[in-house]
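Visitor: So our numbering is basically just the index in the first sequence, starting at one, shifted up by 149. Backbone N, C-alpha and C fix where the C-beta goes; we use that ideal spot for every residue, glycine too.
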Amino acid sequence: MSVVYIENIADYEEKEVTLKGWLYNKRSSKKLHFLQFRDGTGIIQVIVSRDDTGEEMFAIAESLTQESSFIVTGIVKKDSRSKIGFEIHASSIESVQMIEYDADDPQKQGYPITPKEHGTAFLMENRHLWLRSRQQWAILRIRHSVIRAIRDFFDNRGFILFDTPILTPAACEGTSTLFEVDYYDKKAYLTQSGQLYAEAGAIAFGKVYCFGPTFRAEKSKTRRHLTEFWMVEPEVAYITLKEDMELAEQFVAYIVKYILETRTPELEILERDISKLQSATELPYPRVHYNDALKMIEEAGDKIEWDKLNWGDDFGSPHETYIAGQFDKPVFIHRFPVITKSFYMQPDPEDDKYSMSMDLLAPEGYGEIIGGSQRVHDHDLLMKRIKDHNLPLDSFQWYLDLRKYGSVPHAGFGLGVERFVTWICGIPHIRQTIPFPRMLDRIYP
RNA sequence: UCCUCGGUAGCUCAAUCGGUAGAGCAGGUGGCUGUUAACCACCGUGUUGGGGGUUCAAGUCCCUCCCGAGGAGCCA
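1. Indicate whether the contact test is met: 3 or more Cβ pairs, each with one atom in the stretch 487–502 and one in the stretch 351–371, closer than 8 Å.
2. Straight-line CA distance for His374 to Val166?
3. So Asp456 is in the beta strand (DSSP E); what residue range does that whole segment cover?
4. For the alpha helix (DSSP H) that His468 lies in, which residues bound it at each end?
5. Looking only at C-alpha atoms, which of Ile418, Lys457, Ile352 and Leu509 sits nearest to Gln137?
6. Between which residues of its own chain and Ile535 is the CB-CB distance below 7 Å, once the five residues before and five after are set aside?
7. Measuring only the C-alpha atoms, how far is Asp334 from Phe328?
8. Helix, strand or coil for Ser522, going by three-state DSSP, please let me know.
9. Note down the Cα distance separating Leu416 from Ala287, rounded to an integer number of angstroms.
10. Could you check what DSSP says for Gln215 in three-state terms: helix, strand or coil?
11. Name, in chain order, the residues that DSSP records as bridge partners for Pro558.
12. Shortest alpha-carbon distance to Glu382 belongs to which of Val566, Ile248 and Ser282?
13. Using alpha carbons as the reference points, say which of Arg436, Phe183, Arg276 and Ile299 lies closest to Glu236.
14. Pick from Gly561, Ile576 and Met588: whose alpha carbon is nearest that of Ser342?
15. Taking a contact to mean a Cβ-Cβ separation below 9 Å, would you say His238 touches Gly223 in this structure?
16. Are Ser295 and Ile418 touching if we call contact CB-CB under 9 Å?
17. Nearest to Ile315 by CA position, among Met380, Thr430 and Ser198, is which residue?
18. Excluding the 5 residues preceding and the 5 following Leu589 in the sequence, name in chain order all residues of the same chain whose CB lies nearer than 7 Å to its CB.
19. Do the stretch 502–517 and the stretch 457–474 meet, that is, are 3 or more Cβ pairs less than 8 Å apart?
20. Can you list the beta strand (DSSP E) stretches of 3 or more residues lying completely in the stretch 498–554, in chain order?
21. Return helix, strand or coil for Gly189, following the three-state DSSP convention.
22. Which word fits Arg372, buried or exposed, when buried means at least 16 other C-beta atoms lie within 10 angstroms of its C-beta?
23. Whole angstroms are fine: how far does the CA of Gly355 sit from the CA of Arg176?
24. Have a look at Gln284 and Ile576 and give me their C-alpha separation to the nearest angstrom.
25. Please state the DSSP three-state secondary structure of His483.
26. What residue from Gln344, Thr363 and Asp312 has the CA that sits closest to Thr326's CA?
27. Which one or two residues does DSSP pair with Thr317 in a beta bridge?
28. Closest to His528 by CA distance: which of Asn539, Trp547, Ile519 and Ile518 is it?
29. Report the residue from Glu392, Arg568 and Leu540 whose alpha carbon sits nearest the alpha carbon of Thr582.
30. Going by DSSP, which residues form a beta bridge with Met380?
31. Between which two residues does the alpha helix (DSSP H) containing Ile352 stretch?
32. Do the stretch 471–491 and the stretch 424–431 make contact, defined as three or more Cβ pairs closer than 8 Å?
33. With burial defined as no fewer than 16 other Cβ atoms inside 10 Å of the residue's Cβ, what is the status of Ser504: buried or exposed?
34. Are the Cβ atoms of Pro174 and Pro264 separated by less than 9 Å?
35. Considering just the uninterrupted stretch of the alpha helix (DSSP H) at Thr413, what are its terminal residues?
36. Would DSSP call Thr324 helix, strand or coil?
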């Protein structure tokens, strides 16, 4: 007899197997118990019949409460009534830990998350348990596959994984959005991007990617923000903005395709409209110049309530949502005015009012999932930009060195994993795409 | 930081003009051989977020603090 997982159950039809897991839900009648049994890889229905198992086993099944842990042995039966095509006809049940209920004992109140409706505040307080629920399970399995696809994409193309530091000595774009930590009586900061370090990697290895947690102390309180999130940032030597956008769209299309091929059951649990993802596998994505995007917004006039934009303004999220809504696949906006963008972005050789920068907006109002640019490679220009932005020059000596010794045009971008997963899953809030979200006003559990 | 909405039973919510707190679910008991958020019957549950005020009377009105949700700005 084998100990097996539900995800492999089809290999054991008509065989006797042992499953180890937990009770997801239960329905009963006089002679039958229907146990919804989960083992982490899936959910299967276990049929416990009084006639087959005898009184003793039947009583154990009867007493099982939600999320109690137990081990079940039985025959795998094909059954068209099952959602996964199979069920288990139990021959024996062994309780591992029974969750007790006693109305008078505050320590024995049963499993808090019942199969009924709950508010998100309550569920977030119980995030450590909420993870067991079917939807959360589906989302985090998709997250896993997104991360795997990210790694496969770059690894298959000869990129080197280049880990950048989490503790950094100085802000790369001003200190206001950084978490400060004490570093042996000196100030240090949690990284908000590995990009500057990845640039050193790109010159050393040709093409690299860094992939790690990122911290932003912005007091953002929206469904698109986490204070701690995961970002993957490729950086490539000898490419310009054009190749950067091509890399970005191939990258996104690859991940979407991988998810569609490997995670349909999870997308079904989430009731995701897959047709909206399919279009994102078809290249190229539209490219809209900043000026044309501005024009689109002007032409939309006051059909939508938003702030009036002047040339040089960055887009607010209502503007981004509108532009993304005009296309059925992700859309690039490129060449933002230099004045709105970071110091390291290369000016457009054809018109230096514009930067060689781009954002990739996800469809359906999911907002910016990628931001990238070609970087300044001229030493003197970069130094001037650092000074103009009032940044501490000595913190950037090493960064300037990269422009002193064999400088070449180079470019890269960053993709926020959780925003990406939010879009793939078609869910309303980013907080469900990471096991334990860190947000303004939330650091528990 | 600003704007809006909310906090009532373990959970989700209701409570008319200010008039003495009530449903569903979860839990328990019983019933049912195939249930899919199973169903049917019966049973218990309260510092109405904290503090202060107005009033004969406050879940309801006023002040204040705390907590939560959504949005803006900023960003991935």
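Guide: Considering the structure as presented:
1. no
2. Per the coordinates, the alpha-carbon of His374 lies some 45 Å from the alpha-carbon of Val166.
3. Segment: none, Asp456 is in no beta strand (DSSP E) and carries neither H nor E.
4. For His468, the enclosing alpha helix (DSSP H) covers residues Ser466 to Gly474.
5. Since the first residue shown for the chain is 150 and the last is 594, residue 137 is missing from the structure and cannot be characterised.
6. Taking Ile535 as the centre and dropping the five residues before and after it, the same chain places the C-beta of Phe492, Leu542 and Phe545 closer than 7 Å to its C-beta, in chain order.
7. Asp334 and Phe328 have their alpha carbons spaced roughly 16 Å apart.
8. strand
9. So the two alpha carbons sit approximately 7 Å from each other.
10. Gln215: coil per DSSP, three-state reduction.
11. Bridge partners of Pro558: none, in fact.
12. Val566
13. Nearest of Arg436, Phe183, Arg276 and Ile299 to Glu236, Cα basis: Phe183.
14. Gly561
15. yes
16. Inspection of the sequence shows that residue 295 is occupied by Val rather than by Ser. Cβ atoms of Val295 and Ile418: not closer than 9 Å.
17. Met380 is the residue among Met380, Thr430 and Ser198 whose C-alpha sits nearest the C-alpha of Ile315.
18. Lys368, Ser369, Lys370 and Thr376
19. yes
20. For secondary structure counted as the beta strand (DSSP E) over 3 or more consecutive residues, the stretch 498–554 holds these complete runs in sequence order: 500–504, 506–511 and 516–524.
21. coil
22. exposed
23. In this structure, the straight-line span from the alpha carbon of Arg176 to that of Gly355 is close to 59 Å.
24. 10 Å
25. Taken through DSSP and simplified to helix, strand or coil, His483 comes out as strand.
26. Thr363
27. Tyr338
28. Trp547
29. Arg568
30. Gly361 and Gly565
31. Gln344 to Phe354
32. yes
33. buried
34. Per the sequence presented here, residue 174 reads as Asn, with Pro not at that position. Going by C-beta atoms, Asn174 is nearer than 9 Å to Pro264.
35. Thr413 to Ile418
36. Per-residue confidence for Thr324 stands at a pLDDT of 49, beneath the threshold of 50, marking its modelled position as unreliable; the derived number appears in the next sentence. The answer is coil: DSSP assigns Thr324 none of H, G, I, E or B.
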